[in-house]
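*Asks:*
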Amino acid sequence: MKIGVVGPGAMGGLLAVKLARAGLEVRVLDHRPERAALIGRQGIELLTGEEEVREMVPVTLDPAALGDVELILICVKAYDTEGVARQLQALPSGPYFLTLQNGVGNVELLGKYLPPEKILAGITSHGATSLGPGRIRHAGVGDTYIGLGFGESSEEAHPGLRLARTCLAAAGFATRIVPRICSLIWSKLMVNVGINALTALTGLRNGGLLDFPATERIMAAAVREAVQVAEARGIPLLFDNPLEEVRKVCRQTGPNISSMLQDVLRQKKTEIDYINGAIVREGEKLGRLVPVNSLLTGLVQTIENSYEQRVRTF
Ligand code: KPL
29 MKIGVVGPGA MGGLLAVKLA RAGLEVRVLD HRPERAALIG RQGIELLTGE
79 EEVREMVPVT LDPAALGDVE LILICVKAYD TEGVARQLQA LPSGPYFLTL
129 QNGVGNVELL GKYLPPEKIL AGITSHGATS LGPGRIRHAG VGDTYIGLGF
179 GESSEEAHPG LRLARTCLAA AGFATRIVPR ICSLIWSKLM VNVGINALTA
229 LTGLRNGGLL DFPATERIMA AAVREAVQVA EARGIPLLFD NPLEEVRKVC
279 RQTGPNISSM LQDVLRQKKT EIDYINGAIV REGEKLGRLV PVNSLLTGLV
329 QTIENSYEQR VRTF
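For reference, each letter of the sequence shown is one residue, going 29 to 342 in the working numbering.
In structure tokens form, the structure reads like this:
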């Protein structure tokens, strides 16, 4: 089976290695020439506990090289989704596309350019940390859920969902097909709303957020606003108590450096606009004030736009 992986960052790199080791024919598409050249020379190194493996995977900068794959895993940051979708729209083979990205809005962006019936979406709680270009730590095993990007289906018989589940299972990602992926994407959004911006602003690891009453209060307020927006939109969440779920993830991933804090530490753009920023946009559409999410969004946006100007020492 031929599989494309777009974006060999933490999650994409992890999946590329796992799929290749399971015997699937993997092709990786990158947009960063230096990283692609490095991976082409050295492969991708994956650290799991004490174990270290290196897998040579073909990497390309040319989307046309994915012309004959059956499934493409979209693993880029949310702000690159639209560019990738535009590049992939010309592929002749009509593959399925599966997004496993953070945040909301990715399915809709893919749907602007790619056939909606070919778009699959999912969430995973596998943890992956980028240790540098082509070097990834598998930081934790978790559940993975997939469903149709558009519409609802519990169809175990859906060929795209079955194909995606088979591939992910081969990679060691135990995967369940669910009828309404939108609920899951929003449920994961609650976790990211409660953790990512706060860790990026405070520099704390996920677990550290629970050590301080002030961060706990802000987390509770941000999640409350997000839950109200989900309710107003009629999106049922998986958890009876979303804040307790966020706290649970903080405990379970205590030593983890959230993806947004990793971005800020590397002075990169973050996914704030697709996480807390998405709550702000949805709140505006509904005529609801979400002041805590607005504040968190504004502060992280300021950081990501001012790396050059920031005072480090004096
Ligand atoms: O998804 C994550 C992220 O860092 O983006 C969490 C669940 C917060 C784990 O760190």
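Glycine included, every Cβ here is placed at the ideal spot set by N, Cα and C.
Assuming Arg-72 and Leu-52 are in contact, meaning their beta carbons sit under 8 Å apart, how far apart are those beta carbons, in whole angstroms?
*Replies:* Start at 1 with the first residue of the sequence shown, and residue 72 comes out as number 44. Start at 1 with the first residue of the sequence shown, and residue 52 comes out as number 24. With the sequence shown as reference, residue 72 is identified as Ile, and Arg is not the correct amino acid for it. The Cβ separation is near 14 Å, so there is no contact.
*Asks:* Quick one: grab the DSSP three-state call for Ile-285.
*Replies:* Within the sequence shown, numbered from 1, the residue matching residue 285 stands at position 257. Coil, per DSSP.
*Asks:* Which runs of the beta strand (DSSP E), 3 residues or longer, sit entirely within the stretch 169–242?
*Replies:* Qualifying beta strand (DSSP E) stretches, in chain order: 172–176, 203–205.
*Asks:* Could you check which residue in Pro-241, Thr-330, Ala-306, Leu-212 has the C-alpha nearest to that of Glu-253?
*Replies:* Counting from one through the sequence shown, the residue named residue 253 turns up at place 225. Measuring from the Cα of Glu-253, the nearest candidate turns out to be Ala-306.
*Asks:* Could you tell me if the beta carbon of Val-56 falls within a distance shorter than 7 Å of some heavy atom in the ligand KPL?
*Replies:* Residue numbering aside, residue 56 sits at position 28 when the sequence shown is read from its first letter. Incorrect: Val-56 has no Cβ contact closer than 7 Å to the ligand KPL.
*Asks:* Can you list, in chain order, the residues of its chain with a C-beta nearer than 6 Å to that of Glu-332? Leave out the 5 residues immediately preceding and following it.
*Replies:* For the purposes of this step, residue 332 is identified with residue 304 of the sequence shown, where counting begins at 1. If we look at Glu-332 and ignore the five residues flanking it on each side, its Cβ neighbours are Lys-297, Thr-298.
*Asks:* Measuring alpha carbon to alpha carbon, tell me which of Val-219, Leu-138, Val-97 ends up nearest Thr-281.
*Replies:* One-based indexing of the sequence shown puts residue 281 at position 253. With distances taken between Cα atoms, Thr-281 lies closest to Val-219.
*Asks:* In whole angstroms, give me the CA-to-CA distance for Leu-323 and Glu-136.
*Replies:* Here the question's residue 323 lines up with position 295 in the sequence shown. Here the question's residue 136 lines up with position 108 in the sequence shown. Distance between the alpha carbons of Leu-323 and Glu-136: 26 Å.
*Asks:* For a test of your reading of the model: does the CB of Gly-155 fall under 7 Å from any non-hydrogen atom of the ligand KPL? Yes or no.
*Replies:* Numbered from 1 along the sequence shown, position 127 holds the residue referred to as residue 155. Yes, Cβ of Gly-155 sits closer than 7 Å to a heavy atom of the ligand KPL.
*Asks:* In angstroms, rounded to a whole number, what distance separates the CA positions of Ile-23 and Val-169?
*Replies:* Any property of residue 23 remains undetermined from this structure, which presents the chain solely from 29 to 342.
*Asks:* Which value, in whole angstroms, describes the spacing of the CA atoms of Leu-314 and Pro-144?
*Replies:* For the purposes of this step, residue 314 is taken as residue 286 along the sequence shown, with counting starting at 1. For the purposes of this step, residue 144 is taken as residue 116 along the sequence shown, with counting starting at 1. Approximately 26 Å between the Cα atoms of the pair.
*Asks:* Do Ile-147 and Ile-174 have their CB atoms nearer than 8 Å?
*Replies:* As a working note, residue 147 is residue 119 in the sequence shown. As a working note, residue 174 is residue 146 in the sequence shown. It is not a contact, given that the beta carbons lie outside the stated cut-off.
*Asks:* May I ask you to report which of helix, strand or coil DSSP gives Thr-109?
*Replies:* By 1-based counting over the sequence shown, the position of residue 109 is 81. Three-state result, Thr-109: helix.
*Asks:* Kindly give me the distance between the Cβ atoms of Val-328 and Ala-225, rounded to whole angstroms, as I take these residues to be in contact under 8 Å.
*Replies:* As a first step, residue 328 is located in the sequence shown; it is residue number 300 there, counting from the start. As a first step, residue 225 is located in the sequence shown; it is residue number 197 there, counting from the start. With 8 Å as the limit, Val-328 and Ala-225 qualify as a contact, their Cβ atoms being about 5 Å apart.
*Asks:* Give me the residue from Arg-204, Leu-189, Ala-156 with the minimum Cα distance to Gly-77.
*Replies:* As a working mapping, residue 77 is identified with position 49 in the sequence shown. Taking only the C-alpha atoms, the option nearest Gly-77 is Ala-156.
*Asks:* Give me, in chain order, the residues of the same chain whose beta-carbon lies closer than 6 Å to that of Gly-235; leave out the 5 immediate sequence neighbours on both sides.
*Replies:* Counting from one through the sequence shown, the residue named residue 235 turns up at place 207. So the list reads Cys-278, Gly-282, once near-sequence residues are dropped.
*Asks:* In whole angstroms, what separates the C-alpha of Gly-260 from that of Gly-311?
*Replies:* Counted from its first residue, the sequence shown places residue 260 at position 232. Counted from its first residue, the sequence shown places residue 311 at position 283. The displayed chain sequence assigns Ala, not Gly, to residue 260. Straight-line Cα distance between these residues: approximately 9 Å.
*Asks:* Given this structure, state the Cα-to-Cα distance separating Phe-240 from Thr-88, to the nearest angstrom.
*Replies:* On the sequence shown, position 212 is the one that residue 240 refers to. On the sequence shown, position 60 is the one that residue 88 refers to. In a straight line, the C-alpha of Phe-240 is about 45 Å away from that of Thr-88.
*Asks:* For Met-39 and Asp-96, I'd like the C-alpha separation in whole angstroms.
*Replies:* The sequence position of residue 39 within the sequence shown is 11, counting from 1. The sequence position of residue 96 within the sequence shown is 68, counting from 1. Cα to Cα, the separation comes out at about 23 Å.
*Asks:* Within this structure, are the beta carbons of Gly-162 and Gly-41 separated by less than 8 Å?
*Replies:* In the sequence shown, residue 162 corresponds to position 134, counting from 1. In the sequence shown, residue 41 corresponds to position 13, counting from 1. Yes; because the gap between Cβ atoms is below 8 Å, this pair is in contact.
*Asks:* From Thr-325 to Glu-80, what does the alpha carbon distance come to, in whole angstroms?
*Replies:* One-based indexing of the sequence shown puts residue 325 at position 297. One-based indexing of the sequence shown puts residue 80 at position 52. Rounded to whole angstroms, Thr-325 to Glu-80 spans 37 Å at the Cα level.
*Asks:* Nearest CA to the CA of Ile-205: which residue from Pro-319, Pro-187, Leu-66?
*Replies:* Start at 1 with the first residue of the sequence shown, and residue 205 comes out as number 177. Minimum Cα distance to Ile-205 is reached at Pro-187.
*Asks:* On the premise that Glu-98 lies in contact with Val-196, defined as a C-beta separation below 8 Å, what is that separation, rounded to the nearest angstrom?
*Replies:* The residue labelled residue 196 in the question sits at position 168 within the sequence shown. The residue labelled residue 98 in the question sits at position 70 within the sequence shown. Correcting the residue identity first, residue 196 is Leu in this sequence and not Val. Not a contact, Cβ separation roughly 14 Å.
*Asks:* Rounded C-beta distance between Ala-48 and Val-104? I'm assuming under 8 Å.
*Replies:* Position 20 of the sequence shown, counted from the start, is the residue given in the question as residue 48. Position 76 of the sequence shown, counted from the start, is the residue given in the question as residue 104. Wrong, their Cβ atoms sit about 19 Å apart, outside the cutoff.
*Asks:* With DSSP collapsed to three states, give me the class of Val-97.
*Replies:* On the sequence shown, residue 97 is found 69 positions in, with the first residue counted as 1. Of the three classes helix, strand and coil, the one that applies to Val-97 here is coil, per DSSP.
*Asks:* Around the Cβ of Pro-264, are there at least 16 other Cβ atoms within 10 angstroms (buried) or fewer (exposed)?
*Replies:* Taking the first residue of the sequence shown as position 1, residue 264 is located at position 236. Counting Cβ neighbours within 10 Å, Pro-264 comes out exposed, since fewer than 16 surround it.
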